[in-house]
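Peer 1: Numbering (the working numbering), first residue to last: 30 to 109.
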Amino acid sequence: MFPTPDLVKSYIAAGLECSHLDVEGDGQHFKAVIVSAAFAGKRPIQRHQIVYAALGDRMREEIHALSMKTLTPEEFQENK
């Protein structure tokens, strides 16, 4: 059984405090917009590593591909 976007969203939210989180996908490939204060002062690769840590083994076992846009709350407001 493939994970749903809502399930992937719940996985991320359980491991990372987010002020905005949107996940879309088809069960194998997902696209997420993740806004968290935890990203402040971090480079893009470090932000992705934070999300991968929140997902844990699910990234290898359940989620085939995840494209991420990772933003701080300030960056998110600027991009609106």
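Backbone N, C-alpha and C define an ideal beta-carbon position, used for all residues, glycine too.
Which value, in whole angstroms, describes the spacing of the CA atoms of A42 and E107?
Peer 2: What you label residue 42 is simply residue 13 of the sequence shown in a count that begins at 1. What you label residue 107 is simply residue 78 of the sequence shown in a count that begins at 1. Each residue's alpha carbon lies about 23 Å from the other.
Peer 1: Sorted by chain position, which residues of the same chain lie with C-beta nearer than 7 Å to P102's C-beta, five sequence neighbours on each side aside?
Peer 2: Counting from one through the sequence shown, the residue named residue 102 turns up at place 73. Excluding residues within five positions, the ones whose Cβ falls inside 7 Å are S48, V64 and A66.
Peer 1: Have a look at the DSSP bridge pairing and note the partners of L63.
Peer 2: The count along the sequence shown starts at 1 and reaches residue 63 at position 34. At residue 63 the sequence reads Ile, which differs from the Leu that was named. L50 and T99, per the DSSP bridge assignment.
Peer 1: Since I believe F68 is in contact with L100 (beta carbons under 8 Å), could you give me their beta-carbon distance rounded to a whole number of angstroms?
Peer 2: By one-based count along the sequence shown, residue 100 stands at place 71. By one-based count along the sequence shown, residue 68 stands at place 39. Indeed they touch by this definition, with Cβ atoms about 7 Å apart.
Peer 1: Take M30 as the anchor and find which of D55, K109 and A82 has the nearest alpha-carbon.
Peer 2: Looking up residue 30 in the sequence shown gives position 1. Of D55, K109 and A82, the residue nearest in Cα terms is D55.
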